[in-house]
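The structure appears below as structure tokens.
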Amino acid sequence: MRSVPLKYNYEFSRVYKRGKFSTGRYLTVHCFRRPAGLKHNLTPIPADITRVGFCVNKKQLGAVGRNRARRLMRESYRLIEDGIPFGIDLIFTLRNLEEIPTFDEISKDMVSNLTRLGLLKNEV
RNA sequence: AGGCAGGCCGAGAUGAUCGCGGGCAUCAGAUGGGUAACACCCGAUGCAUGAGGAAAGUCCGGGCUCCACAGGACAAGGGUGCCGGAUAACGUCCGGUGAAGGCGACUUUAAGGAAAGUGCAACAGAAAAGAAAACCGCCCGCCGUUCUUCGGAGCGGAAGGUAAGGAUGAAAAGGCGAGGUAAGAGCUCACCGGCGGCAUGGAGACAUGCCGGCCUUGUAAACCCCACCCGGAGCAACGUCGUGGAAUGGCAUAACCGCUGUCCGCGGGCCAUGAGGAGACGGCUGGAAUGCUGUGGCAACACAGCAUCUGGAUAGAUGAUCAUCAUAUACAGAACCCGGCUUACCGACCUUGCCUGGCG
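What follows is the structure, encoded as structure tokens:
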């Protein structure tokens, strides 16, 4: 198990355009199963890693709020990381909400979304 | 009791479990990357450490980097504008002067020049910028007329005098009082204001006093004039490396393929070269640094000594859960770095500070 941040803009758009998604009450999850032999700048991307991105709309929250939301999502992801298969690109996006949800709400929503996409081997 | 001024702090604190960034130390290397081999990267463990007073707005001033000019002056454009000081510098800060406000402690200040010139001053008003103007009013004399107590009085008229009063206006040509006069007027005088000169004090802005002629509207946040300052762009700056592809040169061209058949030639191969897109690394944090003490200074600040090392991420590190403390937690996240300004903010604390009023 190894998770690595998703970096480049074109990789994000690939996940949005060609991947599957699931929307919950607080989060939207996009996932994309990388085909074998995919390269970035002629360097092959290892098959045994999962790449993750966390997004918050710049318009809905200030810098502090965005940081907080990202941290909550990252922490939730960390706890269920082991149950997720390799070779996948994931993007978690906070939905447009009035307030930042609590850790519990994000955590549960993340699990249910990933289950719906068939990405969780067994519920934690 | 009310107020004035200044300072200081602010992810609320503590504990437990799990987790993140870079740093240091140790370990593991018959296993990944890397090297000639080490180092190093990657991995594990431990240790300490890890956002702000505004990190924000990006409004000024610098450092740093590249480009331009490599000398000076002027013009254009922009900025600043009482005086002195502080500073690397500033439009900032400190101390003062003048003005305005407040009973006061204090506060505010968009403070150069209106006698270099130009423009503007709506409406109202007779007149709104020149040494002006007579709407009402006031007045001597004159003419007509009425009355008469024969002194004059009233009314009307033409020509004049008058800026004291009324009326207009944001503003009416110094203010106010006395003398003066037919009525008036800086016409004369005292005081006040302004202007000019002189003296004294001060480093200066200015202050005080005396003298003079009797006096010149406001607006420069209208143009403008004067003095001083300013080259441009920014860390996505800039520097180093830079697979492949393309370019140029060299070498090899047996076979095969392409340039529609044939021949020649060229390309596909290998090596080198200087640019260089993506990307990587550096720039990247030890600094006009912070704390304490001392000396100088009213102060801003400067100097000296001692001590300390205090974020450097790169899709972007400070988090999660639980428990306790008191009800509960504002504005808000470094992105090259400093000095300011401005704006946002739940609240906590300090000064044997100062002022006004009440009671004793």
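Residue numbers for the first sequence follow the numbering used here, beginning at 94 and rising by one.
Beta carbons: idealized from backbone N, C-alpha and C, even for Gly.
key: Cutoff 7 Å; reference S115; Cβ partners in own chain excluding five residues on either side   = Closer than 7 Å at the Cβ level, and outside the excluded window around S115, lie V122, N206, R209 and L210.
query = Exposed or buried, what is E192 when buried is set at 16 or more other beta-carbons lying within 10 Å of its beta-carbon?
reply = Exposed, by the Cβ-count rule.
ask   = Among all the DSSP beta bridges, which residues are the ones paired with G146?
value = In the DSSP output, where bridge partners are listed per residue, G146 has I184.
ask   = In the structure shown, what three-state DSSP assignment does R111 receive?
value = In the displayed model, R111 falls within a helix according to three-state DSSP.
inquiry  = By DSSP's criteria, T121 is part of a beta bridge. Which residues make up the other side?
reply    = The secondary-structure analysis by DSSP pairs T121 across a beta bridge with T116 and T186.
ask   = Between the C-alpha atoms of I138 and I177, what's the straight-line distance to the nearest angstrom?
value = A direct Cα-Cα distance of roughly 18 Å separates I138 from I177.
request  = Have a look at the DSSP bridge pairing and note the partners of R164.
outcome  = Answer is none; R164 lacks a bridge partner.
inquiry  = Taking 8 Å as the threshold (C-beta atoms), are V149 and R163 in contact?
reply    = Result yes, Cβ atoms of R163 and V149 sit closer than 8 Å.
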